[in-house]
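According to the UniProt record's numbering, the sequence shown is numbered sequentially starting from 1.
All C-beta atoms, glycine included, are put in the ideal place defined by N, C-alpha and C.
No experiment lies behind these values; they were computed from the predicted model shown.
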Amino acid sequence: MSDKTANIGVVGLAVMGSNLARNLASREGNTVAVYNRSHDKTEHLVSTHPEAGFISTSTYEEFAASLSQPRTAIIMVKAGRGTDAVIEELVKVFEPGDIIVDGGNALFTDTIRREKAVRETGINFVGMGVSGGEEGALLGPSIMPGGSDESWVTLGPILKSIAAIAEGEPCVTHIGHDGAGHFVKMVHNGIEYADMQLIAEAYDLIRRGTNKSPAEIADVFAEWNGGELESYLIEITAEVLRQVDADTNKPLVDIILDQAGAKGTGAWTVQTALDLGVPVSGIAEATFARSLSSHAEQRAVSRDLPGPAQALTVDDADSFIEDVRLALFASKIVAYSQGFDEIRAGASAYGWNIDLGAVSKIWRGGCIIRAQFLNRIADAYRDAVELPVLLTAPYFVEALGRAQDAWRRIVSISAAAGLPAPAFSSSLAYYDGLRAERLPAALIQGQRDFFGAHTYKRIDKEGTFHTLWSGDRTEIEAEDTH
Ligand SMILES: NC(=O)c1ccc[n+]([C@@H]2O[C@H](COP(=O)([O-])OP(=O)(O)OC[C@H]3O[C@@H](n4cnc5c(N)ncnc54)[C@H](OP(=O)(O)O)[C@@H]3O)[C@@H](O)[C@H]2O)c1
1 MSDKTANIGV
11 VGLAVMGSNL
21 ARNLASREGN
31 TVAVYNRSHD
41 KTEHLVSTHP
51 EAGFISTSTY
61 EEFAASLSQP
71 RTAIIMVKAG
81 RGTDAVIEEL
91 VKVFEPGDII
101 VDGGNALFTD
111 TIRREKAVRE
121 TGINFVGMGV
131 SGGEEGALLG
141 PSIMPGGSDE
151 SWVTLGPILK
161 SIAAIAEGEP
171 CVTHIGHDGA
181 GHFVKMVHNG
191 IEYADMQLIA
201 EAYDLIRRGT
211 NKSPAEIADV
221 FAEWNGGELE
231 SYLIEITAEV
241 LRQVDADTNK
251 PLVDIILDQA
261 GAKGTGAWTV
271 QTALDLGVPV
281 SGIAEATFAR
291 SLSSHAEQRA
301 VSRDLPGPAQ
311 ALTVDDADSF
321 IEDVRLALFA
331 SKIVAYSQGF
341 DEIRAGASAY
351 GWNIDLGAVS
361 KIWRGGCIIR
371 AQFLNRIADA
381 YRDAVELPVL
391 LTAPYFVEAL
401 GRAQDAWRRI
411 VSISAAAGLP
421 APAFSSSLAY
431 YDGLRAERLP
441 AALIQGQRDF
451 FGAHTYKRID
461 KEGTFHTLWS
471 GDRTEIEAED
481 TH
């Protein structure tokens, strides 16, 4: 081991950890100690990147000894048991006041558990969401750290130096205590699922409606990227659609198997939303659409189910494409509004003080959902910190007003033509549900009272009531049982 001292260390040197370590090492003033369970990975990284000046270590003791105090280590290992195993080892060799950061994709409830356990040793534990994939880790990710205020004092300057920069501001902020960072990263991924599904539905409708080739549709997306939809995901969609398969000379998108994978963060976002009672229907539809796509056997036996007689027919391709663009924009507003709703509900349930405007700003660079549009979200929360529903902010009201006719046309056209557009249509249903003066939830309350004596409230007087359905059907005052 070298006798140099490192101010930060990285444990876990697969693609994310080694890129993050290189990013850290490239910033003025940093010396980075590195450790990986299988030492050959450490040796490989150190030998292929001599310019980084890494301190190579082969045991946790050596790793701890190479760090100046307070010791700060970022763990980038396979989330789950791997993270627990590394924490267990680091706690043995670290001291009170040191900082252990988990930069993997941990479930926020695991982070809450780990923070509590590690805190008892006097060591700080920070759960940190990192977005941007391998390129982001190397060049500048969007970083969502939780953990204590004390850890942020040490970590803040380091993280600001490696984060992406958007409009002059580093894409990192102290999100809140314990699991807040991983919670926000989870919702980021959920929104990413919705955004990707919406883009996929837009592509599918344009292709079927206009018979344009993938390369021609790539031009449509490239053009959209110059307007209000400007974002990384729209940009890469054009790239993917333009790609030609070298073996077959066909568009790559036609050669890729149409079964979408998932690593679980979309499902976590939906499961957590269900627990919190937050309707994130766009994210849920996007997650379910991936599951449906991967059920090859069910799809095979269902292929001959009856569909509509008429296929999609479009008279004016340009105005159809503009309708699709507006439907995409409106549905995207819904997805983000639902995601921020979940963060607000999570903050309230777990006691985090999360600045929603700051969250939208750190997503403007480095991460997968980076987009111009996030500035509008930041404006909305700047003007009304307690905004109950993001899509009621003036900018979004104007955009939805402009888009809604097209949105309705696209949802009805796709339903009539038998084309699945689950995220477009559920986003519209959510929007109309929010707008409704009265919802049929009143009937549901009546049904619940009928079969389970679950009681109901009335619109005209205070109190809780039950109808004696199996008796004389008079109404009595009752205890609220929900
Ligand atoms: N890939 C992405 O785009 C992305 C984006 C954001 C966040 N993340 C998160 O970042 C983390 C790292 O991702 P990755 O793709 O670079 O790597 P990964 O494939 O998720 O994990 C491999 C790394 O984990 C280590 N590891 C696994 N179990 C271990 C254990 N029990 N003890 C010690 N080390 C253990 C491996 O060490 P060995 O070499 O010894 O096997 C290796 O360094 C993950 O939590 C991932 O979810 C990934």
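Problem set entry | Entirely enclosed beta strand (DSSP E) segments - the stretch 213 to 300, minimum 3 residues | Listed in chain order, nothing qualifies, since the stretch 213 to 300 has no complete beta strand (DSSP E) run of 3 or more residues.
Problem set entry | For residue 568, three-class secondary structure by DSSP | No answer is possible for residue 568: the residues shown for the chain start at 1 and end at 482.
For this session: Count the other CB atoms, across all protein chains shown, that sit within 10 Å of the CB of L233; report buried if there are 16 or more and exposed otherwise.
Result: Stepping through the sequence shown from its first residue, residue 233 is reached at position 233. With 16 or more neighbouring CB atoms inside 10 Å of its own CB, L233 falls in the buried class.
Problem set entry | Length of the line joining the Cα atoms of L20 and V93 | Counting from 1 along the sequence shown, the entry for residue 20 is found at position 20. Counting from 1 along the sequence shown, the entry for residue 93 is found at position 93. Each residue's alpha carbon lies about 23 Å from the other.
Exercise. Is it buried or exposed for S412, if we count other Cβ within 10 angstroms and need 16 for buried?
Worked result: Start at 1 with the first residue of the sequence shown, and residue 412 comes out as number 412. Classification of S412: exposed, given that the 10 Å Cβ count is below 16.
Problem set entry | N19 - containing alpha helix (DSSP H), residue span | By one-based count along the sequence shown, residue 19 stands at place 19. Run containing N19: 15 to 25, per the alpha helix (DSSP H) assignment.
Exercise. Residues in its own chain within less than 6 Å of S151 by CB, not counting five upstream and five downstream?
Worked result: For this step, residue 151 is matched to residue 151 along the sequence shown. If we look at S151 and ignore the five residues flanking it on each side, its Cβ neighbours are I99, N124, V126.
Problem set entry | Beta-carbon proximity of T248 to Y203, cut-off 9 Å | Locating residue 248 in the sequence shown gives position 248, where the first residue counts as 1. Locating residue 203 in the sequence shown gives position 203, where the first residue counts as 1. It is not a contact, given that the beta carbons lie outside the stated cut-off.
Exercise. Using the C-alpha atoms, what's the distance from E61 back to Q197?
Worked result: Working through the sequence shown from its first residue, we reach residue 197 at position 197. Working through the sequence shown from its first residue, we reach residue 61 at position 61. Each residue's Cα considered, the two are about 46 Å apart.
Problem set entry | Buried versus exposed, by CB contacts within 10 Å (16 or more), T481 | As a working mapping, residue 481 is identified with position 481 in the sequence shown. Burial call: exposed.
Problem set entry | Helix, strand or coil at T467 [DSSP, three-state] | Start at 1 with the first residue of the sequence shown, and residue 467 comes out as number 467. Three-state result, T467: strand.
Exercise. Quick one, are the C-beta atoms of H475 and L468 less than 9 Å apart?
Worked result: Translated into positions along the sequence shown, residue 475 becomes position 475. Translated into positions along the sequence shown, residue 468 becomes position 468. Note on residue identity: the sequence assigns Glu, not His, to residue 475. Closer than 9 Å, so yes.
Exercise. Just reading off the alpha helix (DSSP H) that E475 is part of, what are its end residues?
Worked result: Numbered from 1 along the sequence shown, position 475 holds the residue referred to as residue 475. First-last for E475: 475 to 477, but that is the beta strand (DSSP E), not the alpha helix (DSSP H).
Exercise. If we call anything under 9 Å between Cβ atoms a contact, is I321 one with T210?
Worked result: Here the question's residue 321 lines up with position 321 in the sequence shown. Here the question's residue 210 lines up with position 210 in the sequence shown. Cβ distance < 9 Å, so I321 and T210 count as in contact.
For this session: Leaving out five residues on either side along the sequence, give the residues of the same chain with a beta carbon under 7 Å from the beta carbon of D314.
Result: On the sequence shown, residue 314 is found 314 positions in, with the first residue counted as 1. Contrary to the premise, residue 314 reads as Val rather than Asp in this sequence. Only G209, T210, F320 meet the Cβ criterion.
Exercise. Quick one: what does DSSP say V385 is sitting in, helix, strand or coil?
Worked result: Here residue 385 refers to the residue found at position 385 of the sequence shown. V385: coil per DSSP, three-state reduction.
Exercise. Which residues bound the beta strand (DSSP E) around S142?
Worked result: If you number the sequence shown from 1, residue 142 lands on position 142. That run of the beta strand (DSSP E) goes 142 to 145.
For this session: Output the residue ranges of the beta strand (DSSP E) runs that lie fully inside the stretch 388 to 427 and measure 3 residues or longer, sorted by chain position.
Result: none
Exercise. Does the stretch 180 to 187 touch the stretch 153 to 167, meaning 3 or more C-beta pairs lie closer than 8 Å?
Worked result: no
Exercise. Could you check where the beta strand (DSSP E) with A200 kicks off and where it finishes?
Worked result: Translated into positions along the sequence shown, residue 200 becomes position 200. Where A200 is concerned, there is no enclosing beta strand (DSSP E), although the alpha helix (DSSP H) it sits in stretches over 180 to 210.
Exercise. From T48 to T42, what does the alpha carbon distance come to, in whole angstroms?
Worked result: Working through the sequence shown from its first residue, we reach residue 48 at position 48. Working through the sequence shown from its first residue, we reach residue 42 at position 42. Roughly 10 Å between the two C-alpha positions.
For this session: May I ask whether a heavy atom of ligand 1 can be found less than 8 Å away from the beta carbon of T154?
Result: Here residue 154 is taken as the residue at index 154 of the sequence shown, counted from 1. No.
Problem set entry | Residue from A117, N36, G346 with nearest C-alpha to V10 | The count along the sequence shown starts at 1 and reaches residue 10 at position 10. Per the Cα distances, N36.
For this session: Report all residues from its chain with a CB closer than 6 Å to the CB of S425; omit the five preceding and five following residues, and keep chain order.
Result: Numbered from 1 along the sequence shown, position 425 holds the residue referred to as residue 425. Around S425: V411.
For this session: Could you tell me if R382 is buried or exposed, where buried requires 16 or more neighbouring beta carbons within 10 angstroms of its beta carbon?
Result: The sequence position of residue 382 within the sequence shown is 382, counting from 1. Exposed.
Exercise. Leaving out five residues before and five after I333 in sequence, what residues of the same chain have Cβ atoms less than 7 Å from its Cβ?
Worked result: On the sequence shown, position 333 is the one that residue 333 refers to. Only L391, F396, A399, L400 meet the Cβ criterion.
Exercise. Between A106 and R119, is the Cβ-Cβ spacing less than 9 Å?
Worked result: Translated into the one-based positions of the sequence shown, residue 106 becomes position 106. Translated into the one-based positions of the sequence shown, residue 119 becomes position 119. For A106 and R119, no; Cβs fall outside 9 Å.
Exercise. How would you label E437, buried or exposed, when you count the other beta carbons within 10 angstroms and need 16 or more for buried?
Worked result: Working through the sequence shown from its first residue, we reach residue 437 at position 437. Per the 10 Å Cβ criterion, exposed.
Exercise. Using a threshold of 8 Å, is the CB atom of G132 nearer than that to any non-hydrogen atom of ligand 1?
Worked result: One-based indexing of the sequence shown puts residue 132 at position 132. Distance from the C-beta of G132 to the nearest heavy atom of ligand 1 is below 8 Å.
Exercise. Would you call the stretch 451 to 461 and the stretch 415 to 424 touching, i.e. three or more CB-CB distances under 8 Å?
Worked result: Look at the beta carbons and you see the stretch 451 to 461 not touching the stretch 415 to 424: under three pairs across the two are nearer than 8 Å.
Problem set entry | Enclosing beta strand (DSSP E) for D102 [first to last residue] | Locating residue 102 in the sequence shown gives position 102, counting from the first residue. Note, D102: beta strand (DSSP E), 99 to 102.
Exercise. Which term fits Q338, buried or exposed, when burial requires 16 or more other beta carbons within 10 angstroms of its beta carbon?
Worked result: For the purposes of this step, residue 338 is taken as residue 338 along the sequence shown, with counting starting at 1. When all chains shown are included, Q338 counts as buried.
For this session: Specify, as a first and last residue, the run of the alpha helix (DSSP H) that F108 falls within.
Result: Your numbering for residue 108 matches position 108 in the sequence shown. 108 to 119 is the span of the alpha helix (DSSP H), which, as asked, contains F108.
Exercise. Taking all protein chains shown into account, do 16 or more other C-beta atoms lie within 10 angstroms of the C-beta of G136, making it buried, or fewer, making it exposed?
Worked result: Sequence index remark: in the sequence shown, residue 136 carries index 136 (1-based). G136 is buried by the Cβ-count criterion.
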